[in-house]
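Engineer:
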Amino acid sequence: MSNTPAPAGEVRRLLSVIESHLRPAAAAPRHGYPLARPHLPVMIVCSPRPRVGRTLIARLLVEFFLADDRRAVAYDLNPNDPVLSDWLPFHAVRATIGDTRGVMALFDRLIVNDGRPKVIDLAADLFDAFFDVMLQIGLVDGARARGIDTVVLFVAEDHPRSTAAYRRIVERFDQLAVVPVHNKLSESFKAADFLRPSLGATAIHIDYLSPFLHGVVNRPRFSFVGFLAKPSARPTMLHDWIDQSFVAFRDLELRLLMSEFAPLFRHAV
Amino acid sequence: MLKTADNPSTKSSATEGGAKSAAANAATTPTVILVGADKGGVGKTTITRTLLDYLAARRIAHRAFDTEAPKGALNRFHPDITEVVDVTSAADQMKIFDTINAAEATVIDVRAGLLSATLTALRDIGFLDAARKGEVTFAVFHILGPSISSLNEIADTSGLVAGSHHFLVKNFINNTTFFEWDPSTHNTYFKKIKGAREIAVPRLNELSCEQVELASLPFATFIANKTAAGGSAAYSFVLRGYVRHWLNNVWSEYDRVGLTDLAQQKQKVA
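If you read the sequences in order, they're chains V and E.
For the first sequence, this note's numbering begins at 297 and goes up steadily by one.
For the second sequence, this note's numbering begins at 68 and goes up steadily by one.
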């Protein structure tokens with residue numbers, strides 16, 4: 297590997313990309329250089345097994361982007377139980393991969409760099425079919441060529457089916473970031489630390505929430521961003537839990553970004 | 068490994084341009100590839116199109132003849148390199164066979180019902196003898212349909228294709244099931260043909276197939292999201308992905324049977 301320092305222009309571009317990820321899009325650049333177009337995320341929230349808290353994590357993720365002034369779109373890929381729009385009526389779209397037209401309607405939109413992060417809530421029974429399509433059409437490379445990063449948030453369990461599915465994805469997609477999500481809200485959660493994150497990512501931890509508060513966040517139309525916006529004398533447990541979850545997502549974004557630019561940093565130092 | 072549109076380093080991917088490289092073929096014997104079947108609707112032109120894209124991607128110079136005279140079928144997709152001919156006329160036979168040369172492979176898409184007749188004509192003009200002597204590399208892609216008549220065709224043509232590289236192509240592009248072929252019947256026919264090799268062309272998603280047909284483009288051009296004139300097109304990423312995946316699988320079959328080596332066979336020194 298060459299030790300030649302990176303050109304100053306490259307470092308400026310790197311700084312502008314990082315800054316554009318750290319601040320809302322509307323804010324003015326502080327360093328005086330025009331902002332580069334940031335890489336857009338397509339986040340696939342999935343598990344090969346149902347009832348692991350996948351939809352809650354997809355909701356959290358969408359609201360994390362909304363809280364950051366990023367107009368996220370959620371694709372509800374649960375044909376038998378499409379509930380995402382119950383909580384995100386203005387941001388969730390039902391999707392299907394049951395026929396070619398459905399596949400086109402979904403993936404042809406995912407591949408557009410329109411500045412809107414995309415979140416997919418992928419039903420357990422479509423797990424294999426979805427990744428088969430993804431592999432066939434070359435989504436990961438096609439997305440990257442358009443400045444879109446595909447990231448899999450794999451809700452992990454200490455279960456043979458979960459482990460096998462995780463390994464299968466990592467083996468089939470060598471250029472895909474696969475991030476284990478340890479969801480302590482799930483009844484079936486047991487630390488699945490044996491799942492090694494790919495491409496520089498680290499696992500995400502969603503903390504335990506009391507059954508009462510769990511019931512609160514699952515009420516129809518409950519909004520995490522709306523809850524944070526309400527005046528409160530002091531932070532509650534739910535505030536802390538939402539904050540921790542959002543920080544975990546922000547940390548993931550930064551880690552992915554840093555891993556992408558790590559070679560450039562090495563050159564620049 | 069999946070070959071992708073965005074990876075120019077993947078030499079065999081279904082996306083490379085069709086630059087002709089006469090120099091690369093300078094030391095080869097002339098190559099003639101005949102694609103045909105006596106039955107209609109089995110996908111001869113589709114297979115020919117995959118072959119032309121394959122040769123282009125492997126930088127093997129080539130030309131094509133479309134025997135669906137007078138209108139043609141292949142020339143709609145590859146107009147720059149295709150000439151429509153009537154293979155039953157002596158004048159057009161001369162146009163094809165008197166101009167065969169080592170600098171470019173010749174691909175002939177034989178219209179339905181004319182495979183046996185064309186092979187007979189080639190025998191009569193001494194072309195098959197030349198192939199037997201190694202003066203010409205001759206490959207026959209016999210496209211098979213699902214019915215028993217395709218097996219009868221194999222028996223009918225097997226006597227004529229001795230000395231050629233004979234490929235029996237099972238075309239599953241439209242999800243064909245070879246339902247009439249019970250194993251014993253299949254073996255009876257296939258044992259009669261020495262040296263024939265089987266190629267399986269997998270199924271292609273219907274909408275993708277339809278879109279490429281409507282676009283009237285080579286598969287590789289559709290995958291690259293280009294118009295016939297070379298401009299940018301707006302074809303579905305999904306459909307292009309399906310076509311790329313399928314074409315890579317078809318080309319893997321051609322690689323498996325050594326088609327590149329065949330088309331670039333070194334001239335035998337007398």
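A virtual CB, placed ideally from N, CA and C, is assigned to each residue, including glycine.
Taking Ser-275/E as the reference, which of Lys-293/E, Pro-250/E, Ser-299/E, Ile-240/E has the closest Cα?
Structural biologist: What you label residue 275/E is simply residue 208 of the second sequence in a count that begins at 1. Residue Ile-240/E is the option with its Cα nearest to Ser-275/E.
Engineer: Put Asn-168/E into one of helix, strand or coil per three-state DSSP.
Structural biologist: On the second sequence, position 101 is the one that residue 168/E refers to. Strand at Asn-168/E.
Engineer: Which chain V residues are close to Val-174/E, counting only those with a beta carbon under 8 Å from its beta carbon?
Structural biologist: The count along the second sequence starts at 1 and reaches residue 174/E at position 107. The premise fails here: Val-174/E is roughly 28 Å from chain V at the closest Cβ pair, so nothing lies under 8 Å.
Engineer: List, in chain order, every chain V residue whose beta-carbon is nearer than 8 Å to that of Leu-274/E.
Structural biologist: Numbered from its first residue, the second sequence carries residue 274/E at position 207. The answer, in chain order, is Thr-396, Arg-397, Met-400.
Engineer: My guess is that Thr-351/V and Leu-384/V are in contact by the Cβ rule of under 8 Å, so how many angstroms apart are they, rounded?
Structural biologist: Numbered from 1 along the first sequence, position 55 holds the residue referred to as residue 351/V. Numbered from 1 along the first sequence, position 88 holds the residue referred to as residue 384/V. Contact flag wrong, Cβ pair sits at about 10 Å.
Engineer: Using a Cβ-Cβ cut-off of 8 Å (strictly less than) and excluding sequence neighbours within five positions of Asp-382/V, which residues of its own chain qualify?
Structural biologist: On the first sequence, residue 382/V is found 86 positions in, with the first residue counted as 1. Around Asp-382/V: Pro-516, Arg-517.
Engineer: According to DSSP, which residues form a beta bridge with Ser-183/E?
Structural biologist: To locate residue 183/E, count along the second sequence from 1; it is residue 116. DSSP output for Ser-183/E lists no bridge partner at all.
Engineer: Check whether the Cβ atoms of Ile-444/V and Ile-340/V lie closer than 8 Å to each other.
Structural biologist: Locating residue 444/V in the first sequence gives position 148, counting from the first residue. Locating residue 340/V in the first sequence gives position 44, counting from the first residue. Result no, Cβ atoms of Ile-444/V and Ile-340/V do not sit closer than 8 Å.
Engineer: Between which two residues does the beta strand (DSSP E) carrying Asn-238/E extend?
Structural biologist: As a first step, residue 238/E must be located in the second sequence, where it is residue number 171. Asn-238/E -> beta strand (DSSP E) spans 232-238.
Engineer: Exposed or buried, what is Asp-428/V when buried is set at 16 or more other beta-carbons lying within 10 Å of its beta-carbon?
Structural biologist: If you number the first sequence from 1, residue 428/V lands on position 132. Exposed.
Engineer: Spatial neighbours of Gly-349/V within its chain, please: C-beta separation below 6 Å, excluding the five flanking residues on both sides.
Structural biologist: Locating residue 349/V in the first sequence gives position 53, counting from the first residue. So the list reads Asn-479, Leu-481, Ser-482, once near-sequence residues are dropped.
Engineer: Could you tell me whether any Cβ in chain V is nearer than 8 Å to the Cβ of Val-312/E?
Structural biologist: Taking the first residue of the second sequence as position 1, residue 312/E is located at position 245. This sequence places His at residue 312/E; Val is not what is there. His-312/E counts as touching chain V.
Engineer: How is the beta strand (DSSP E) around Thr-204/E delimited, first residue to last?
Structural biologist: Taking the first residue of the second sequence as 1, we reach residue 204/E at position 137. 204-211 is the extent of the beta strand (DSSP E) around Thr-204/E.
Engineer: Leaving out five residues on either side along the sequence, give the residues of the same chain with a beta carbon under 6 Å from the beta carbon of Glu-135/E.
Structural biologist: Working through the second sequence from its first residue, we reach residue 135/E at position 68. Correct list, in chain order: Arg-178.
Engineer: Within the 8 Å Cβ cut-off, does Phe-403/V reach chain E?
Structural biologist: Counting from one through the first sequence, the residue named residue 403/V turns up at place 107. Closer than 8 Å to some Cβ of chain E, the Cβ of Phe-403/V qualifies, so yes.
Engineer: Roughly how far, in whole angstroms, is the beta-carbon of Val-152/E from the beta-carbon of Lys-162/E, given that I think they are within contact range, below 8 Å?
Structural biologist: Mapped onto the second sequence, residue 152/E falls at position 85. Mapped onto the second sequence, residue 162/E falls at position 95. Contact flag correct, Cβ pair sits at about 6 Å.
Engineer: On the criterion of 16 or more Cβ atoms from any shown chain inside 10 Å, does Leu-550/V qualify as buried, or is it exposed?
Structural biologist: Locating residue 550/V in the first sequence gives position 254, where the first residue counts as 1. Label assigned to Leu-550/V: exposed.
Engineer: What does DSSP give as the partner residues of Leu-373/V in its beta bridges?
Structural biologist: Against the first sequence, residue 373/V aligns to sequence position 77. In DSSP, Leu-373/V forms a bridge with Leu-418/V.
Engineer: Hey, quick one: how far does the alpha helix (DSSP H) through His-129/E stretch, first residue to last?
Structural biologist: Residue mapping note: residue 129/E aligns to position 62 of the second sequence, counting from 1. Per DSSP, His-129/E belongs to no alpha helix (DSSP H); it is in the beta strand (DSSP E), 129-133.
Engineer: Where Gln-432/V and Phe-426/V are concerned, what is the direct C-alpha to C-alpha distance, given to the nearest angstrom?
Structural biologist: Numbered from 1 along the first sequence, position 136 holds the residue referred to as residue 432/V. Numbered from 1 along the first sequence, position 130 holds the residue referred to as residue 426/V. Those two C-alpha atoms are separated by around 10 Å.
Engineer: Alpha carbon to alpha carbon, how far is Pro-344/V from Ala-276/V? Give it in angstroms, no decimals.
Structural biologist: Residue 276/V lies beyond the stretch modelled for chain V, which goes from 297 to 565, so this question has no answer here.
Engineer: Mind pulling the chain E residues with CB within less than 7 Å of Gly-411/V?
Structural biologist: Locating residue 411/V in the first sequence gives position 115, counting from the first residue. Correct list: empty, because the minimum Cβ distance to chain E is about 18 Å.
Engineer: For Pro-97/E, is the classification buried or exposed, using 16 other Cβ atoms within 10 angstroms of its Cβ as the cut-off for buried?
Structural biologist: One-based indexing of the second sequence puts residue 97/E at position 30. That one is buried.
Engineer: For Ser-299/E, write down the residues that DSSP places opposite it in a beta bridge.
Structural biologist: Counted from its first residue, the second sequence places residue 299/E at position 232. Answer by DSSP bridge pairing, in chain order: Lys-293/E.
Engineer: Going by DSSP, name the residue or residues bridged to Phe-427/V.
Structural biologist: Position 131 of the first sequence holds residue 427/V. The partner list for Phe-427/V (beta bridge, DSSP) is empty, contrary to what the question assumes.
Engineer: Are at least three pairs of beta-carbons, each pair with one atom in the stretch 303-315 of chain E and one in the stretch 264-279 of chain E, less than 8 Å apart?
Structural biologist: Because the criterion of three Cβ pairs below 8 Å is met, the stretch 303-315 of chain E and the stretch 264-279 of chain E touch.
Engineer: Can you give the beta carbon distance from Thr-294/E to Ala-300/E, rounded, assuming they're within the 8 Å contact cut?
Structural biologist: For the purposes of this step, residue 294/E is taken as residue 227 along the second sequence, with counting starting at 1. For the purposes of this step, residue 300/E is taken as residue 233 along the second sequence, with counting starting at 1. So it is a contact: roughly 5 Å between Cβ atoms.
Engineer: Just checking my contact of Leu-548/V with Ile-502/V at CB under 8 Å: how many whole Å lie between their CB atoms?
Structural biologist: Start at 1 with the first residue of the first sequence, and residue 548/V comes out as number 252. Start at 1 with the first residue of the first sequence, and residue 502/V comes out as number 206. Wrong, their Cβ atoms sit about 12 Å apart, outside the cutoff.
Engineer: When DSSP labels each residue in this structure, what does Arg-319/V get in the three-state scheme?
Structural biologist: The residue you call residue 319/V lines up with position 23 of the first sequence. Only weak support exists for where Arg-319/V lies, its pLDDT of 49 falling under 50; the value from the coordinates is given anyway. Reduced to three states, the DSSP call for Arg-319/V is coil.
Engineer: In the structure shown, what three-state DSSP assignment does Asp-365/V receive?
Structural biologist: By one-based count along the first sequence, residue 365/V stands at place 69. In the structure shown, Asp-365/V sits in coil (DSSP, three-state: anything other than H, G, I, E or B).
Engineer: To the nearest angstrom, how far is it from the Cα of Thr-117/E to the Cα of Ala-330/E?
Structural biologist: On the second sequence, residue 117/E is found 50 positions in, with the first residue counted as 1. On the second sequence, residue 330/E is found 263 positions in, with the first residue counted as 1. One C-alpha to the other measures close to 15 Å.
Engineer: Mind pulling the chain E residues with CB within less than 8 Å of Ile-407/V?
Structural biologist: Position 111 of the first sequence, counted from the start, is the residue given in the question as residue 407/V. By Cβ distance, chain E contributes Phe-304.
Engineer: What span of residues does the alpha helix (DSSP H) with His-501/V cover, start to end?
Structural biologist: The residue labelled residue 501/V in the question sits at position 205 within the first sequence. It is not in any alpha helix (DSSP H) - His-501/V instead sits in the beta strand (DSSP E) that spans 500-502.
Engineer: By Cβ distance below 7 Å, which residues in the same chain neighbour Arg-546/V in space, the five residues on each side in sequence not counted?
Structural biologist: Counting from one through the first sequence, the residue named residue 546/V turns up at place 250. Once the five neighbours on either side are set aside, Arg-546/V has no close Cβ partner at all.
Engineer: Strictly under 8 Å for the Cβ-Cβ distance: is Ser-299/E near chain V by that measure?
Structural biologist: Counting from one through the second sequence, the residue named residue 299/E turns up at place 232. Not closer than 8 Å to any Cβ of chain V, the Cβ of Ser-299/E fails to qualify, so no.
Engineer: Quick check: what's the CA-CA separation for Ser-183/E versus Lys-106/E?
Structural biologist: Here residue 183/E refers to the residue found at position 116 when the second sequence is read from its first residue. Here residue 106/E refers to the residue found at position 39 when the second sequence is read from its first residue. Taking the straight line joining both Cα atoms gives about 11 Å.
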